[in-house]
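Heads up: the sequence shown at position 67 corresponds to 67 in the UniProt record's numbering, and the numbers run straight through without jumps. A virtual CB, placed ideally from N, CA and C, is assigned to each residue, including glycine. A short worksheet on the structure shown next.
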Amino acid sequence: MNQTIQNQLHYLSQKYNEYNLPMYLSYPVDSHWRQPADESAIALELNEIEEAQVYVHIPFCKSICYYCCCDRVLSGKDEDKDHYIDALEQELSLKLSGRARKLKSGNLHWGGGTPAYLNERQIERLYGIITHYVDFEDNARIKLEAYPDKQIVTEGKLRLLKTLGFNYISFGIQDFDPRVLNAIHRECDLEDTREIIGLARSMGFTVNVDLCYGLLFQGLGEFERTLQEIVRIAPDKIVAFPYAHYPAIYPLQRKIPHLSLPNNYMVSRLFELARQYLSRDYTEMGSDTFIRNNGREKHPGTHVVRDFMGSSERSSQQLLGLGKSAVSKIGGLYYKNVAAMDRYHAALELSRLPVETGRTHRLTGDDALREEVILKQLLGGNPIDKIALQDSFGIDFDSYFQEELIVLRGMEKDGLLLGADSPRITVTLTGTYFIRAIAHVFDPYYKSTRNGENSI
């Protein structure tokens with residue numbers, strides 16, 4: 001990167017600071033789901049859907065990392081995990097029993113937490129419970145998140161997963177630098193990672209690796225060494241996401257000194273470095289994902305969408321979430337399960353859906369339009385197609401978004417996009433470093449709240 005480009009990036013990083021902007025895993029972001037829960041309406045919607053993506057939240061972790069924004073529980077007791085699986089079985093029964101046919105699905109994702117922390121008996125039991133209610137397509141993606149620890153991810157466990165039908169495994173690496181890892185209370189041994197990923201690939205798993213940039217004490221040199229090792233390991237898919245610092249929402253992040261974090265300019269440089277290292281062997285997908293050329297994961301082209309599964313190929317519009325804090329989107333209705341473990345168990349013991357009251361949101365027509373712009377066009381790595389939006393939603397784009405266009409024209413002058421007044425608005429290479437700032441222009445919910453109030 002030459003000095004002129006560095007200077008431009010430095011200026012833009014100050015002007016379009018994304019520090020308090022959401023990651024946009026949904027629209028609206030979940031902190032704006034404030035409608036009361038109607039269990040009867042949810043039950044009716046569930047009974048009417050024929051297919052959905054299925055997400056199962058397994059919160060248990062061997063240790064708790066300071067940086068993490070996920071809902072997790074520190075527990076190594078098998079009885080706690082068994083009790084939780086009992087609850088998942090009850091939730092599935094409440095949501096899917098009594099149907100004429102099983103729910104169809106092309107995508108199952110076990111997230112956490114650390115789902116691989118379950119023992120082999122528990123994995124087999126939980127998968128059997130799920131398949132009692134869900135019929136997976138022949139080419140379904142059956143995915144599990146894992147931590148690269150040889151005590152957790154054993155050869156026997158990998159073989160069991162493969163036998164059951166799992167074909168995709170995601171490893172949370174984040175960084176290999178010892179100082180960075182120590183500061184976020186995390187371990188990730190390079191040799192163990194190489195061995196585990198090599199074993200998984202030899203068994204036929206598609207392998208995903210997560211990296212996090214913008215962590216404390218993380219400079220260009222530290223992240224470059226991590227990228228060099230990741231390129232050698234050669235996973236099929238790499239997700240590189242920025243660290244989100246919300247200590248008011250995630251108390252353990254208070255252990256991370258704010259002044260130790262890279263500034264917005266350095267965060268942009270770290271992402272630029274990732275692009276530089278991955279550009280030869282990988283193709284970008286969406287806003288944070290890289291697909292290996294000629295790997296097991298195929299690039300979906302323009303059919304990319306951003307959702308709670310990350311950046312992925314557009315598939316079902318329905319998402320069935322299971323487990324504490326799990327999110328669902330059924331028939332245009334977002335809702336979230338209770339996060340507290342005791343409340344989750346208590347609701348199910350009363351044969352009630354464990355939905356958090358006041359944490360649902362039914363999409364309006366305006367929401368659906370903005371969801372299309374933010375999640376499927378901008379964060380899907382595609383241009384804003386005014387004609388397609390006008391055909392789908394019956395609006396005149398320039399009139400409907402006249403206030404947004406004023407901001408977009410300013411961004412065009414800064415080189416973030418092209419064609420604000422043309423039929424297609426295209427994000428430039430420079431603009432991709434500030435894609436959340438561009439998306440934020442279309443988000444009236446978030447703009448109406450105080451900085452730092454919201455989640456990701």
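Check: Own chain partners of Lys150 with C-beta closer than 8 Å, once the 5 adjacent residues on each side are dropped; Outcome: Asp192, Glu195 and Ile196
Check: Tyr277, buried or exposed, once every other Cβ within 10 Å from all chains shown has been counted against 16; Outcome: buried
Check: Pairwise C-alpha distance: Gly431 and Tyr400; Outcome: 23 Å
Check: N- and C-terminal bounds of the alpha helix (DSSP H) containing Gln8; Outcome: Gln3 to Lys15
Check: Contact check, Asp385 vs Arg424, beta carbons under 8 Å; Outcome: yes
Check: 8 Å contact criterion, which Phe166 and Cys212 should meet: CB distance rounded; Outcome: About 24 Å; that fails the 8 Å criterion.
Check: Under the three-state DSSP convention, the category Gly394 falls into; Outcome: coil
Check: Option nearest Gly106 by Cα separation, candidates Asn139, Gln122 and His132; Outcome: Asn139
Check: C-beta contact flag for Arg306 and Gly286 at 8 Å; Outcome: yes
Check: At least three beta-carbon pairs within less than 8 Å, the stretch 389 to 403 to the stretch 355 to 370; Outcome: yes
Check: Residues near Gly113 by beta carbon distance below 6 Å, same chain, minus five either side; Outcome: Ile58, Pro59, Phe60, Cys61 and Arg72
Check: Where His440 falls, given that 16 or more other Cβ within 10 Å makes a residue buried; Outcome: buried
Check: Residue environment, Tyr282, which counts as buried when at least 16 other CB atoms sit within 10 Å; Outcome: buried
Check: Alpha helix (DSSP H) runs wholly inside the stretch 341 to 371, at least 4 long, in chain order; Outcome: 341 to 349 and 365 to 371
Check: Local conformation of Ala439 per DSSP, three classes; Outcome: helix
Check: Opening and closing residue of the alpha helix (DSSP H) in which Glu155 lies; Outcome: Glu155 to Leu164
Check: Nonlocal neighbours in the same chain, by C-beta distance under 8 Å from Val231, ignoring five residues either side; Outcome: Tyr277, Leu278 and Asp281
Check: Integer Cβ distance of Phe217 from Val180, believed to fall under 8 Å; Outcome: 5 Å
Check: Straight-line Cα distance separating Arg275 from Lys447; Outcome: 30 Å
Check: Euclidean distance between Cα positions of Ile438 and Glu18; Outcome: 10 Å
Check: Phe308 versus Gly221 - alpha carbon distance; Outcome: 31 Å
Check: C-alpha gap between Phe205 and Ile169, whole angstroms; Outcome: 7 Å
Check: Under 8 Å between C-beta atoms of Tyr246 and Cys69; Outcome: yes
Check: 8 Å contact criterion, which Tyr265 and Ser13 should meet: CB distance rounded; Outcome: 4 Å
Check: Distance, Pro235 Cα to Phe171 Cα; Outcome: 10 Å
Check: Status (buried if at least 16 other CB within 10 Å, exposed otherwise) for residue 476; Outcome: This structure leaves residue 476 out entirely; the chain is present only between 1 and 456.
Check: Unbroken stretches of the beta strand (DSSP E), 3 residues or longer, contained in the stretch 49 to 130; Outcome: 53 to 58 and 103 to 112
Check: Distance between Leu319 and His10 (C-alpha atoms, nearest Å); Outcome: 39 Å
Check: Beta-carbon spacing of Leu126, Ile85 below 8 Å; Outcome: yes
Check: Cβ neighbour criterion (16 or more within 10 Å) applied to Pro22; Outcome: buried
Check: Same chain, Cβ closer than 7 Å to Glu224, neighbours up to 5 away in sequence not counted; Outcome: Leu273
Check: Distance CB(Ile152)-CB(Tyr117) smaller than 8 Å; Outcome: yes
Check: Closest by C-alpha distance to Leu164, when choosing among Asp38, Val373 and Leu144; Outcome: Leu144
Check: Endpoints, the beta strand (DSSP E) within which Asp138 is located; Outcome: Val134 to Ala146
Check: Assumed close pair Leu363, Glu39 - CB separation to whole angstroms, cut-off 8 Å; Outcome: Between Glu39 and Leu363 the Cβ distance is about 19 Å, and since that is not below 8 Å, they are no contact.
Check: Beta-carbon proximity check, Val239 vs Asp175, cutoff 8 Å; Outcome: no
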